[in-house]
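Numbering (the working numbering), first residue to last: 46 to 354.
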Amino acid sequence: MAAYKDEERGTWYVSFYYEDWTGAKKRKVKRGFRTKKEALNFEAEYKRTAKADMDMTMGEFVEVYFRDKSQSLKDRSIKNKRDTMNAQLLPYFKDRPMNSITPAEIIQWQNTIIEKGYSDDYLKTIQNQMTALFNHAKNIYNLADNPCDKVKRMGKTSKKKMKFWTIEEYRQFMTGIEPGSKYYVLFELLFWTGAREGEALSITPADIDFERNLLQINKTYYRMHGEDVITSPKTEESNRTISIPEFLKKEIRDYIGRLYELPEDERIFPMVHEAVQHKLKQVVQKTGVKKIRVHDIRHPYVKPTTKNL
């Protein structure tokens, strides 16, 4: 390894050849290091991650993992995975080579995580990220064994009783919202079409065929880093066309008509998830119906032909 001084800029740079994971030899030049040590450390780490040698640390392999997954995972999924790994995996194993972590150490790590008192659902999420990381190393980069395969998974598996409203409970809930308002129409759409919250929040006038009573679900909305994000739905199967009842079509059309020439590609519900969740809690408290999540509103979905079914 060698680093060079850029006399003109007063910084250091490296120029080296490396072997990528396919065995091909390539050249890399990187400038702007403050010290020779920083430049040499960059070269060493870059060579390990490019080759994906399992002598690399977990901290280094996490970057390889997300590089590989950049085209198959949505930005929101990548953020959620990174947040979990940064908080629950890397503080314990960041500087450990991937091929040195043993099942016994995984058990010790699990015990430490369990002592924090997290819910079973979150424990399963943490475990899934650890297992996925090692599975990728084993399946793609020839790590000999996944240490997670030899230990019991965290988080109890329990069959939770699904919560949802009956039609009578839903109607009671809706007495607490002003008819025709944006929240009224949004909750109507969630209950009677089975659309997910993010799908509903992404709907534009162009998605609705008022002549044939059809709603096209082809995208989803979420908020990330303070910005609105519209992306494709959760899965390919989530792209679908929903038949909407006559009464709901009229409610949506009347609502859009009050939005003063809303462009065809603008969201008809310009709000964030937190606002919807807050409204739900507020109206539940006001009307006395049982508490459920926004996501659960869609669970009793059937295809009604009239509002009075």
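Ideal Cβ placement from N, Cα and C applies to all residues, glycine included.
- Task: Check the DSSP bridge columns for Ser247 and list the partner residues they point to.
- Result: Beta-bridge pairing links Ser247 to no other residue.
- Message: Among Gln261, Tyr266, Phe255 and Glu214, whose alpha-carbon lies nearest the alpha-carbon of Leu246?
- Response: Per the Cα distances, Tyr266.
- Task: Could you check what DSSP says for Leu234 in three-state terms: helix, strand or coil?
- Result: Helix, per DSSP.
- Query: Taking DSSP as the reference, what is the three-state secondary structure of Asp120?
  - Reply: Helix at Asp120.
- Message: Looking at Thr220: is its Cβ nearer than 7 Å to the Cβ of Leu259?
- Response: No, these two residues do not count as a Cβ contact at 7 Å.
- Message: Can you check which of these residues, Asp310, Lys324 and Glu309, is closest to Met316 by C-alpha distance?
- Response: Closest option to Met316, Cα to Cα, is Lys324.
- Message: Quick check: the Cα distance between Lys82 and Lys92, rounded to an integer number of angstroms?
- Response: In this structure, the CA atom of Lys82 is about 16 Å from the CA atom of Lys92.
- Tell me, please, which residues DSSP counts as bridged to Lys75. Bridge partners of Lys75: Val59.
- Just how far apart, CA to CA, sit Asn125 and Glu53? When rounded, the distance between both Cα atoms is 43 Å.
- Proximity of Ala84 and Val59 at Cβ, strictly below 7 Å: The Cβ atoms of Ala84 and Val59 sit closer than 7 Å to each other.
- Item | Buried or exposed (CB count within 10 angstroms, at least 16 for buried), Pro192 | The residue in question, Pro192, is buried, as its Cβ has 16 or more Cβ neighbours within 10 Å.
- Would you check if the distance between the CB atom of Phe209 and the CB atom of His344 is smaller than 7 Å? Contact: yes.
- Whole beta strand (DSSP E) elements within the segment 258 to 289, 3-residue minimum: Whole beta strand (DSSP E) segments, 3+ residues: 259 to 262, 265 to 269, 272 to 276 and 285 to 288.
- Opposing strand residues paired with Thr102 [DSSP bridges]: Looking at the DSSP assignment, Thr102 forms a beta bridge with Pro142.
- Task: Check whether the Cβ atoms of His181 and Tyr110 lie closer than 7 Å to each other.
- Result: Yes, they are a contact pair.
- Message: Between which residues of its own chain and Ile262 is the CB-CB distance below 7 Å, once the five residues before and five after are set aside?
- Response: Cβ within range, chain order: Ala240, Glu244, Pro278, Ser283, Asn284, Arg285 and Ile287.
- Task: May I ask you to list the residues that DSSP assigns as paired with Lys82?
- Result: Paired residues: none, contrary to the question.
- Message: I need the straight-line Cα distance from Thr238 to Phe255, nearest angstrom please.
- Response: Annotation: Thr238 to Phe255 spans about 15 Å, alpha carbon to alpha carbon.
- In or out: Glu64 buried (at least 16 other Cβ within 10 Å) or exposed? Of the other Cβ atoms in all chains shown, fewer than 16 fall within 10 Å of the Cβ of Glu64; this residue is therefore exposed.
- Query: Can you give the Cα-Cα distance for Ile152 and His340, rounded to whole angstroms?
  - Reply: Their backbone Cα atoms lie some 34 Å apart in a straight line.
- Just reading off the alpha helix (DSSP H) that Ala177 is part of, what are its end residues? Segment Asp165 to Tyr186, the alpha helix (DSSP H) holding Ala177.
- Task: Using three-state DSSP, classify Tyr49 as helix, strand or coil.
- Result: In the structure shown, the three-state DSSP call for Tyr49 is strand.
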